[in-house]
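Residue numbers (our numbering), protein chains in the order written: chain A, -8 to 185; chain B, -8 to 185.
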DNA sequence: CTCCAAGTTGTACAGCGTCCAATTCAATTG
DNA sequence: CAATTGAATTGGACGCTGTACAACTTGGAG
């Protein structure tokens, strides 16, 4: 509550320190608890101090959003279909761990930070290996991204009527439909049970 | 600014009047302008008065969300594939007209009001006619809903790099993939160009 | 005619993001 | 080594948000 510092004294803050504290606060107490004032409190600092290191709360959150995507590993399987499936599933899982952020990804149309870019390029590479190039690949990617983020956003809470694992299987189901559509019939899938 | 009424005088308000004014304010000035105070102003009333007709702003917005879905007509084409496509395309279009609301649909997992229910049942009927029943139909529906809302949420602003019509075609493309996956290979589509 | 429930105002609270001026410190320059 | 400048920090404030509570007036029911 009381300020431990007088008027011009340094607190040794730093953009990275602020972001780290924000990440922590977000992970521990959720998005609603991430206020400039709470963040300042945690850093033992006045709220306005933060504005020396971050231009606005929006910018701060944007950075956090991209950071979360850093937790998504590149797929191990080099085959296009399996690789994309792996990538989107990992994305889905990571997004679920930060459920409250997900609507933000959509309203800020998908985050343009370095991590988002990295994932996007991995996906284009995989699609190219699968024979999908150029504009088509970009569209396929957009479909997959929207689908994945959408499903993550749709995730019900923990004690919901429909359990999360069910929704996760549902996600996988639709993902297969999309992959089949994207990568064409060139797969040796058995025909669906007539 | 100044209150036209003394302390116990009636303003003749009514739940429906409040909702109508809210719809209007939302349509005219956008989501950010929809505050209890602005709404009260427009009705010539003090902000707290609204709480006699609406339990909270959240409840008010929930109602508006469901109302928007009322603008989605039932599909005309009775054939399952075309019907579902028509339905989802209409939904997409209506959602685009209220772009700022779309993230809310996701964060409130899809709106459970009467309009949402109506659309959900139309879709189950269509899927049943297409030979998809029970749990499978519910999952297919979830995929389609998530996909559609997701795409609407992903919609870029008006003066964006990628024009809206392009995104709309992209939406239709992915929708076809999903429909093919859902309704099976029982369609007489020509094979994709090898 | 009386009484009560409902609608409305006055006032207020706690919280939010953010801006401005005053102050002090660290680093750079001469 | 001294002087100056620029960045970091505090004190305080502004305008905004949703919402609670008591006082009051009114319309309708009994």
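Backbone N, C-alpha and C fix where the C-beta goes; we use that ideal spot for every residue, glycine too.
Bounds of the alpha helix (DSSP H) holding residue 80 of chain A are 71 to 88. Across the region 114 to 134 of chain B, CB contacts with chain A closer than 7 Å involve 130, 133, 134, in sequence order along the chain.
Ranked by how close their Cα comes to the Cα of residue 163 of chain A, the residues A/153, A/84, A/121, A/114 have A/84 in first place. In this structure residue 139 of chain B is buried. Its beta-carbon is surrounded by 16 or more other beta-carbon atoms within 10 angstroms.
Taking C-beta atoms under 8 Å as the contact rule, residue 123 of chain B and residue 173 of chain B qualify, at a distance of about 6 Å. Chain B has no Cβ within less than 8 Å of the Cβ of residue 63 of chain A. Residue 175 of chain A has its alpha-carbon roughly 22 Å from the corresponding atom of residue 67 of chain A. The DSSP-derived three-state label of residue 157 of chain A is helix. When Cβ-Cβ separations below 8 Å define contact, residue 137 of chain B makes contact with chain A. Here residue 5 of chain A is exposed: its Cβ has fewer than 16 other Cβ atoms, across all protein chains shown, within 10 Å.
In the DSSP annotation of this structure, the continuous segment of the alpha helix (DSSP H) that includes residue 8 of chain A starts and ends at 6 to 20. Non-local C-beta neighbours of residue 71 of chain B in its own chain, meaning closer than 7 Å and more than five positions away in sequence, comprise 117, 118, 120, 121, 174, ordered along the chain.
Contact annotation: in the region 81 to 100 of chain B, residues whose CB is within less than 7 Å of a CB in chain A are 94, 97, 98, 100. Measuring C-alpha to C-alpha distances from residue 11 of chain B to each of B/127, B/-5, B/56, B/-2 identifies B/56 as the nearest. Residue 63 of chain B has its alpha-carbon roughly 24 Å from the corresponding atom of residue 48 of chain B.
With at least 16 other beta carbons inside 10 angstroms of its own, residue 94 of chain A counts as buried. The continuous alpha helix (DSSP H) containing residue 126 of chain A extends over residues 125 to 145. Taking all protein chains in view, the Cβ of residue 137 of chain B is crowded by 16 or more other Cβ atoms within 10 Å, so the residue is classified as buried. Listed by position along chain B, the residues whose Cβ is nearer than 8 Å to that of residue 171 of chain A are 168, 171, 172. By the Cβ-count criterion, residue 18 of chain B is exposed, with fewer than 16 other Cβ atoms from all chains shown falling within 10 Å of its own Cβ. Contact between residue 135 of chain B and residue 169 of chain A fails: their C-beta atoms lie close to 12 Å from each other, not under 8 Å.
Cβ atoms of residue 26 of chain B and residue 2 of chain B stay farther apart than 8 Å, at about 19 Å. Scanning B/29, B/105, B/13 for the CA closest to the CA of residue 51 of chain B turns up B/13. Relative to residue 104 of chain A, the option among A/-4, A/45, A/54 whose CA is nearest is A/54. Cα atoms of residue 113 of chain A and residue 59 of chain A: separation of roughly 17 Å, rounded to the nearest angstrom. CA-CA distance, residue 86 of chain A to residue 142 of chain A, rounds to 10 Å. Contact check for residue 75 of chain A against residue 44 of chain A fails: the beta carbons are separated by 8 Å or more. Bounds of the alpha helix (DSSP H) holding residue 33 of chain A are 27 to 33. When rounded, the separation of the alpha-carbon atoms in residue 96 of chain B and residue 97 of chain A is 11 Å. Straight-line measurement puts the Cα of residue 146 of chain B at about 21 Å from the Cα of residue 90 of chain A. With a contact defined as Cβ atoms closer than 8 Å, residue 79 of chain B and residue 166 of chain B qualify at about 6 Å. The beta carbon of residue 115 of chain A sits closer than 7 Å to the beta carbons of 128, 132 from its chain, once the five residues preceding and following it are set aside; these are given in chain order. At a cut-off of 8 Å, the C-beta of residue 165 of chain A has a neighbouring C-beta in chain B. Contact between residue 106 of chain A and residue 61 of chain A holds: CB atoms are separated by about 5 Å, below the 8 Å threshold.
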